[in-house]
């Protein structure tokens, strides 16, 4: 079983980075919002909201926040003899549940002064989620389209542009994407916008207007209507809940 040592949080800070270093413990990193670049020996990863990776003990790595979308992340320090110690280990797919679990553990740890009785079992469960691989994953080009949308939420992206990015006719793209992802590409785009906007409302100090612009909403009214339809609360109500 994992032995929990510490949990911390990196707040949004443009220019934040760590040079190459290593440590004698394992570290699980979960991105709450924003983006970051991680490098290791012959490895490079670009992480965005919901992504996670694991630094095994003794593995060199460096981190740098995205310049235009500063990262906010949780890092969990632990010991576990079962973790391989050769390379950085990325999660196979975004795991929103890990972000929620990390937030919960961070809150309990802060309130208890660093003494959470169930922390070992909780981290063990998080590792099970981290290493879980679904039986069926989306095809690679669908993942690439989703990544493209996630990186350009602020732009007015059309179905024609997404089809061109995928190298398919609009009809074929729409049909194949929906069959693979279980949702139309435009619905997925708005889902990504709403999910990212909620994360920014909860985890950053950006104004509501700034968040609306960053996530591609045309105006404050449109932003408010979409978010309320998505989660049942207005942007102001979401923000006020965490104060």
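In the numbering used here, the protein residues as written are 828 to 1070. Here a beta-carbon is modelled for each residue, glycine too, at the ideal position from N, C-alpha and C.
Just verifying my parser: in three-state terms, what is the DSSP assignment at residue i?
{"i": "residue 892", "result": "strand"}
{"i": "residue 953", "result": "helix"}
{"i": "residue 887", "result": "coil"}
{"i": "residue 1038", "result": "helix"}
{"i": "residue 958", "result": "helix"}
{"i": "residue 900", "result": "strand"}
{"i": "residue 911", "result": "coil"}
{"i": "residue 963", "result": "Interpretation of residue 963 is limited by its pLDDT of 49, a score under 50 that renders its predicted location unreliable; no figure is taken from the coordinates."}
{"i": "residue 868", "result": "coil"}
{"i": "residue 969", "result": "helix"}
{"i": "residue 995", "result": "coil"}
{"i": "residue 841", "result": "coil"}
{"i": "residue 833", "result": "strand"}
{"i": "residue 858", "result": "strand"}
{"i": "residue 1012", "result": "helix"}
{"i": "residue 879", "result": "strand"}
{"i": "residue 989", "result": "helix"}
{"i": "residue 1054", "result": "helix"}
If you count every other CB in all the chains shown that lies within 10 Å of the CB of residue i, and 16 or more means buried, which is it?
{"i": "residue 871", "result": "exposed"}
{"i": "residue 845", "result": "exposed"}
{"i": "residue 1010", "result": "exposed"}
{"i": "residue 913", "result": "exposed"}
{"i": "residue 938", "result": "exposed"}
{"i": "residue 982", "result": "exposed"}
{"i": "residue 1050", "result": "buried"}
{"i": "residue 1065", "result": "buried"}
{"i": "residue 1068", "result": "exposed"}
{"i": "residue 1034", "result": "exposed"}
{"i": "residue 1053", "result": "buried"}
{"i": "residue 998", "result": "exposed"}
Where residue i and residue j are concerned, what is the direct C-alpha to C-alpha distance, given to the nearest angstrom?
{"i": "residue 1007", "j": "residue 969", "result": "8 Å"}
{"i": "residue 973", "j": "residue 1031", "result": "23 Å"}
{"i": "residue 843", "j": "residue 990", "result": "36 Å"}
{"i": "residue 880", "j": "residue 979", "result": "23 Å"}
{"i": "residue 1059", "j": "residue 949", "result": "30 Å"}
{"i": "residue 1045", "j": "residue 911", "result": "47 Å"}
{"i": "residue 922", "j": "residue 930", "result": "13 Å"}
{"i": "residue 994", "j": "residue 1002", "result": "14 Å"}
{"i": "residue 883", "j": "residue 865", "result": "14 Å"}
{"i": "residue 863", "j": "residue 878", "result": "10 Å"}
{"i": "residue 919", "j": "residue 828", "result": "22 Å"}
{"i": "residue 876", "j": "residue 858", "result": "5 Å"}
{"i": "residue 908", "j": "residue 852", "result": "10 Å"}
{"i": "residue 1047", "j": "residue 945", "result": "42 Å"}
{"i": "residue 1026", "j": "residue 967", "result": "26 Å"}
{"i": "residue 987", "j": "residue 1040", "result": "22 Å"}
{"i": "residue 892", "j": "residue 936", "result": "25 Å"}
{"i": "residue 934", "j": "residue 1013", "result": "35 Å"}
{"i": "residue 1018", "j": "residue 1029", "result": "17 Å"}
Can you round the beta-carbon distance between residue i and residue j to whole angstroms, since I take them to be within the 8 Å contact cut?
{"i": "residue 900", "j": "residue 856", "result": "6 Å"}
{"i": "residue 834", "j": "residue 903", "result": "5 Å"}
{"i": "residue 897", "j": "residue 861", "result": "5 Å"}
{"i": "residue 975", "j": "residue 992", "result": "6 Å"}
Taking the alpha carbon of residue i as the reference point, which residue from the options has its own alpha carbon closest?
{"i": "residue 1063", "options": "1042, 1038, 1043", "result": "1038"}
{"i": "residue 1042", "options": "1065, 888, 1057, 1016", "result": "1016"}
{"i": "residue 895", "options": "840, 885, 883", "result": "840"}
{"i": "residue 868", "options": "852, 945, 848", "result": "848"}
{"i": "residue 925", "options": "999, 908, 953", "result": "953"}
{"i": "residue 971", "options": "1025, 1000, 944, 1033", "result": "1000"}
{"i": "residue 942", "options": "1055, 1068, 831", "result": "831"}
{"i": "residue 1020", "options": "1065, 1049, 977, 992", "result": "977"}
{"i": "residue 917", "options": "1057, 873, 1061", "result": "873"}
{"i": "residue 836", "options": "1036, 932, 1005, 1055", "result": "932"}
Using a C-beta cutoff of 8 Å, does residue i count as contacting chain C?
{"i": "residue 860", "result": "The question asks about chain C, but that chain is absent: this structure has only one protein chain."}
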